[in-house]
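**Q**
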Amino acid sequence: MCGIVAYIGPREAYPILIKGLKRLEYRGYDSAGVALLNGSMNVYKCKGKVSDLEKVTDGKNTHAHLGMGHTRWATHGEPNDNNSHPHLSQSGDIAIIHNGIIENYGSLKEELTNRGHVFTSDTDTEVLVHLIEDVQQNTHTTLDEAVRLALNEVIGAYAIVIISKNDPAKLIGARKGSPLVIGIGDSEFFMASDATPIIEYTKNVTYLNDNEIASIIDGKLTVKTIDNVEHVPYIQTLEMNLETIEKGGYEHFMLKEIHEQPRSIYDSLRGRFDPHTGMFAMRSLKEHEGKIKNLKRIIIVGCGTSWHAGLVGEYLFEDIARIPVEVEYASEFRYRNPVINEDDLVIAISQSGETADTLAAIELAKEKGATIFGLCNVVGSSIPRTSHAGAYTHAGPEIGVASTKAFTSQVAILALWAFGFAEIRGKATKQDLRNAFAELETIPEKVEKTLQCEDQIKELAKIFKDSKNFLYLGRGYQFPVALEGALKLKEISYIHAEGYPAAEMKHGPIALIDKEMPVVVIATKTAIYDKVISGIQEVKARKGIIIAIVSEGDTKVRAMADYVIEVPETKEYLEPLLTTIPLQLLSYHIAVLRGCNVDQPRNLAKSVTVE
Ligand code: G6P
Numbered sequence: 143m144c145g146i147v148a149y150i151g152p153r154e155a156y157p158i159l160i161k162g163l164k165r166l167e168y169r170g171y172d173s174a175g176v177a178l179l180n181g182s183m184n185v186y187k188c189k190g191k192v193s194d195l196e197k198v199t200d201g202k203n204t205h206a207h208l209g210m211g212h213t214r215w216a217t218h219g220e221p222n223d224n225n226s227h228p229h230l231s232q233s234g235d236i237a238i239i240h241n242g243i244i245e246n247y248g249s250l251k252e253e254l255t256n257r258g259h260v261f262t263s264d265t266d267t268e269v270l271v272h273l274i275e276d277v278q279q280n281t282h283t284t285l286d287e288a289v290r291l292a293l294n295e296v297i298g299a300y301a302i303v304i305i306s307k308n309d310p311a312k313l314i315g316a317r318k319g320s321p322l323v324i325g326i327g328d329s330e331f332f333m334a335s336d337a338t339p340i341i342e343y344t345k346n347v348t349y350l351n352d353n354e355i356a357s358i359i360d361g362k363l364t365v366k367t368i369d370n371v372e373h374v375p376y377i378q379t380l381e382m383n384l385e386t387i388e389k390g391g392y393e394h395f396m397l398k399e400i401h402e403q404p405r406s407i408y409d410s411l412r413g414r415f416d417p418h419t420g421m422f423a424m425r426s427l428k429e430h431e432g433k434i435k436n437l438k439r440i441i442i443v444g445c446g447t448s449w450h451a452g453l454v455g456e457y458l459f460e461d462i463a464r465i466p467v468e469v470e471y472a473s474e475f476r477y478r479n480p481v482i483n484e485d486d487l488v489i490a491i492s493q494s495g496e497t498a499d500t501l502a503a504i505e506l507a508k509e510k511g512a513t514i515f516g517l518c519n520v521v522g523s524s525i526p527r528t529s530h531a532g533a534y535t536h537a538g539p540e541i542g543v544a545s546t547k548a549f550t551s552q553v554a555i556l557a558l559w560a561f562g563f564a565e566i567r568g569k570a571t572k573q574d575l576r577n578a579f580a581e582l583e584t585i586p587e588k589v590e591k592t593l594q595c596e597d598q599i600k601e602l603a604k605i606f607k608d609s610k611n612f613l614y615l616g617r618g619y620q621f622p623v624a625l626e627g628a629l630k631l632k633e634i635s636y637i638h639a640e641g642y643p644a645a646e647m648k649h650g651p652i653a654l655i656d657k658e659m660p661v662v663v664i665a666t667k668t669a670i671y672d673k674v675i676s677g678i679q680e681v682k683a684r685k686g687i688i689i690a691i692v693s694e695g696d697t698k699v700r701a702m703a704d705y706v707i708e709v710p711e712t713k714e715y716l717e718p719l720l721t722t723i724p725l726q727l728l729s730y731h732i733a734v735l736r737g738c739n740v741d742q743p744r745n746l747a748k749s750v751t752v753e
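Heads up: the sequence shown at position 503 corresponds to 645 in this note's numbering, and the numbers run straight through without jumps.
Okay, structure coming up:
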């Protein structure tokens, strides 16, 4: 969702802002803008892409050493030039950019309108910058203090950055609910929604916590809470490097990330177990052994692809560790008054670690006394920081909006946890662990082998690129994979697709099957292989087209299916790590042939920081 980037220092701000906005494009947006301070406040903004903004600024004065840029994902007010950020205060002296939602903007707007303020946009953000100026004028205080006082009147979620024509040596940022990271360079500072616009210049960053305000004044950073308590910022050094956020020769980030999976799965698992001894090296297991031993239930929360990983987690924990599991959409969980007990463990899965609904679900579960494990990819993000324990997936930055490598890394860690929990609860022996670890170690190589199906997938994409609907079927561990395959296709190619448990097909979707309908069936050699085969026959009897994902060497399904993609054999519980790959590639190649914007699909955001 909205992307923020800001700069103060000796360099020219504009190129840093534009490059930063391009790095943030992956978050999803519909308009872009910059504010540059150079004696006067120059604001340029428009509906459209960052490249459209560059056309707007062409030939204009962009010289400045203080400035900020924004990509907007519309919430209040349609995407148009006026509603784009930055927004200005009544006098035009103060500029703001904002990610989030100001919930009480209606009442604030009314009060300000009564006091003579005139608004030029439909946004909640413009109300906030007017409020800040109003407070500053009424209390005759500094800009940073006015921001603090104004934020005390605000209900909602925000990451904001403020600059003022009257304070050319000040850059103010604040956060509540939406991320803001500060980069600390040599006599220069950066602010951004995530570290991607910053790492080119400095690896030293500090992540603001909720209710904190960062003020850079005359080259010095101060962090205080909105209650006026000063905090010493925790400065960390990022491990991310530039290569990991660039395309590295691939046409799209999504394709690069699909191909990175042998490495990203390896990185997720690396150092976390020893296949010779069957020992774990995971802090979450060590430090919470007592809790794990006694817990009665696991609740997994997440959204989108992370929720699908959670479903695989359900199968893993129940199958391997014999613990009852519930998997919940975070957005439903948080509003349905769920029963949560102190002996529950809530596992929150999120690539970004910033998804607003998942964060809110955690807060709710924490209030009720549950223990929270976070499973996230973005280091330093909000969910890991608010969880009691957890694990990073270490998949590296995922830039393509459609999640690929994050999913397989999440599943890999869930498998590890399932075995760890099983051992602690006496459901797995050291030998079981050694066997599982030995197989896990082969997964990166098997993923590499699976990726070799790409040429075959390209041919399939040519055949099916104009299909109107797709059905994805799977059973057991493959049911969440079917859901994930369908989601990938919907997200990036805009073809309607449904994922279904194979046996449920006859209770509804079977009515849709005709000779136009491609049905992707995951039919690997599992305990219920024969049942899946019955499903295939039911589709064939109605002239549906079968694209089957099968185990290497399979002959039975091959005899029935129209198209067959093989994946190497592995333990059933690890198969999602392989069967997902051809489905990712299929959606990718179909989307490319349809001319879709694969990395930034319409209307979607990478990190959904509002409800
Ligand atoms: C958005 C993204 C999805 C992602 C979901 C959850 O909708 O477009 O790809 O799966 O959010 O995000 P998270 O960062 O919590 O995994």
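Glycine included, C-beta positions come from ideal geometry on N, C-alpha and C.
1. By alpha-carbon positions, which one of Val365, Leu159, Ala463, Thr348 ends up nearest to Tyr715?
2. Where in the stretch 472-531 do unbroken runs of the beta strand (DSSP E), each at least 3 residues long, occur, reported from the N-terminal end onward?
3. Measure from the alpha carbon of Val623 to the alpha carbon of each residue in Glu596, Lys312, Ala665, then state which is nearest.
4. I'd like the span of the alpha helix (DSSP H) that includes Thr217, first residue to last.
5. Within the 8 Å Cβ cut-off, does His394 reach chain C?
6. Check the C-beta distance from Ile687 over to Met702 and give it rounded, since I have them as a contact under 8 Å.
7. Taking 7 Å as the cut-off, is the beta-carbon of Ala544 closer than that to any non-hydrogen atom of the ligand G6P?
8. Specify, as a first and last residue, the run of the beta strand (DSSP E) that Leu615 falls within.
9. Does the distance from the CB of Leu363 to the CB of Ile326 come in under 8 Å?
10. Using a Cβ-based criterion (distance less than 7 Å to any ligand heavy atom), does Ser609 qualify as near the ligand COA?
11. Can you give me the Cβ contacts of Thr712 inside the same chain, cut-off strictly under 8 Å, excluding the 5 residues immediately before and after it?
12. Any contact between the stretch 571-581 and the stretch 198-217? By contact I mean 3 or more CB pairs, one from each, below 8 Å.
13. List the whole-angstrom C-beta distance separating Leu208 from Ile150, where the pair is believed to meet the contact cut-off of C-beta under 8 Å.
14. Taking Arg684 as the reference, give the member of Met659, Ala645, Ser494, Asp369 with the closest Cα.
15. My understanding is that Phe561 touches Ala578, with C-beta atoms under 8 Å, so please give their C-beta distance in whole angstroms.
16. Report the option in Phe549, Ala299, Ala292, Gly650 whose CA atom is closest to the CA atom of Met396.
17. Just checking Ala747 against the ligand G6P - is the residue's beta carbon closer than 7 Å to any of the ligand's heavy atoms?
18. In chain order, which continuous runs of the alpha helix (DSSP H) of length 4 or greater are located wholly inside the stretch 551-607?
19. Once the 5 residues before and after Thr500 are set aside, which same chain residues still bring their CB inside 8 Å of it?
20. Using the C-alpha atoms, what's the distance from Ile652 back to Ile482?
21. Along the alpha helix (DSSP H) that carries Lys435, what are the first and last residues, could you check?
22. So, for Val260: in the same chain, excluding its five sequence neighbours on each side, which residues have a beta-carbon less than 8 Å away from its beta-carbon?
23. Which residues mark the beginning and the end of the alpha helix (DSSP H) in which Ile396 is found?
24. Can we count Val521 as close to the ligand G6P, meaning its CB is less than 7 Å from some heavy atom?
25. Which residues share a DSSP beta bridge with Ile355?
26. Could you tell me the boundaries of the alpha helix (DSSP H) in which His731 lies?
27. Sorry if obvious, but does the Cβ on Gln493 come closer than 7 Å to a heavy atom of the ligand G6P?
28. For the pair the stretch 519-533 and the stretch 730-748, tell me if three or more CB-CB distances fall below 8 Å.
29. Report whether the distance from the Cβ of Gly794 to the nearest heavy atom of the ligand G6P is below 7 Å.
30. The ligand G6P and Cys111: does the residue's C-beta get closer than 7 Å to at least one heavy atom of that ligand?
31. Report the option in Lys630, Tyr392, Ser320, Gly413 whose CA atom is closest to the CA atom of Glu753.
32. Do Pro157 and Lys187 have their C-beta atoms within less than 8 Å of each other?
33. Mind checking which residues open and close the beta strand (DSSP E) that includes Ala174?
34. Hey, how far is the Cα of Asn294 from the Cα of Ser729?
35. Assuming contact is defined by CB atoms lying nearer than 8 Å, are Phe332 and Ala148 in contact in what I supplied?
36. On the criterion of 16 or more Cβ atoms from any shown chain inside 10 Å, does His450 qualify as buried, or is it exposed?
**A** Per the coordinate set shown:
1. Ala463
2. 486-492, 513-518
3. Ala665
4. Here Thr217 belongs to no alpha helix (DSSP H), and DSSP marks it neither H nor E.
5. The question asks about chain C, but that chain is absent: this structure has only one protein chain.
6. The pair is not a contact, with the Cβ atoms about 12 Å apart (cut-off 8 Å).
7. yes
8. 611-616
9. yes
10. The model on display carries the ligand G6P but not the ligand COA.
11. Glu581, Thr584, Ile585, Lys588, Leu719, Leu720
12. no
13. 5 Å
14. Met659
15. 5 Å
16. Phe549
17. yes
18. 572-592, 596-606
19. Val443, Gly444, Cys445, Ser448, Ala472, Ala490, Ile491, Ser492, Ile525
20. 38 Å
21. 431-436
22. Gln232
23. Here residue 396 turns out to be Met, not Ile, going by the sequence shown. 395-401 is the extent of the alpha helix (DSSP H) around Met396.
24. no
25. Ala316, Lys366
26. 718-735
27. yes
28. no
29. Absent from the model: residue 794. The displayed extent of the chain is 143 to 753, so no value can be given.
30. There is simply no residue 111 to check, as the chain begins at 143 and stops at 753 in what is shown.
31. Ser320
32. no
33. 173-180
34. 46 Å
35. yes
36. buried
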